[in-house]
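>
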Amino acid sequence: MNLLLFGPPGAGKGTQSQFLVQRLGYRHFSTGDLFRAALRLGTRLGLEAKGFMERGELVPDRIVIGMVEEEFRKLGENQAWILDGFPRTVPQGEALEDMLQRLGISIGRVVFLTVRRELLIKRLSGRRMTADGKYVYNIEFNPPKMPGVCDVTGEKLIQRDDDREDVVLNRLKTYEEMTEPLKQFYAAKNRLSEVKGEGDPEVVHSRILELIQ
Ligand code: AMP
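Numbering (my numbering), first residue to last: 3 to 215.
(1) Taking Asn172 as part of the alpha helix (DSSP H), name the residues at either end of that continuous run.
(2) Please state whether DSSP places Glu196 in a helix, a strand or coil.
(3) Since Ser32 sits in a beta bridge, which residues does DSSP pair it with?
(4) Kindly examine the ligand AMP and report whether one of its heavy atoms sits closer than 7 Å to the Cβ of Phe143.
(5) Can you confirm whether the region 186-201 touches the region 93-111 when touching is taken to mean that 3 or more C-beta pairs between the two stretches lie within less than 8 Å?
(6) Measuring from the CB of Ser32, is there a heavy atom of the ligand AMP at a distance below 7 Å?
(7) So, under 8 Å CB-CB, Val117 and Pro10 are touching, yes? Tell me the CB distance rounded to an integer number of Å.
(8) Note down the Cα distance separating Asp100 from Gly87, rounded to an integer number of angstroms.
(9) From the DSSP secondary-structure annotation, give me the bridge partner or partners of Met131.
(10) For the pair the region 62-80 and the region 119-132, tell me if three or more CB-CB distances fall below 8 Å.
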């Protein structure tokens, strides 16, 4: 069953996607990860997205929609996927409907992760990770054994530029204005399921499993 993971920044979409990839063999694509990879490689796409990302704003729909369509074309048949971080506006949601219809693919469930705002701010501003984003910690909720150093690779941990508190507040505001209306969009299609995203990540994972299995 294809899934769309949806919710505010810091809701745990990335963490939950990783569980689903490792345990159920899902293919995960996150538009945020795709933009960060493009930025690291210095491609045109990365340069186009850079300023918007640094300010905690959304990259224009035209750019994101083109990128997502390209990713869908690369997918093998019968590969179940999770889309994380897309759509983030109602026009993106409409473009996704069009795209999937053209490609003959459907979304099984839209999982909306709910987390209180104060907790989102702590999760985002306390987040630290390896440069490739593979190992993620939180200085308060899941600190590494040695401050600032990855337990697994020994690398120095970094803070994402857009996890600085001023940018975090802007990302949340952007989310409330631009992305939250999608809840109504999917509720009207009877595809929306709300899952409490607070608590132990394993418990959140089991709530998602209950819903999709
Ligand atoms: P994320 O890792 O999902 O928090 O995304 C990081 C940043 O990438 C966002 O703050 C946006 O600037 C940009 N971005 C990711 N996905 C989208 C999207 N669907 N539409 C517009 N901008 C996006």
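From the three backbone atoms N, C-alpha and C, an ideal C-beta is built for every residue, glycine too.
According to the data block:
(1) 167-176
(2) strand
(3) Asp86
(4) no
(5) yes
(6) yes
(7) 7 Å
(8) 18 Å
(9) Val138, Ile160
(10) no
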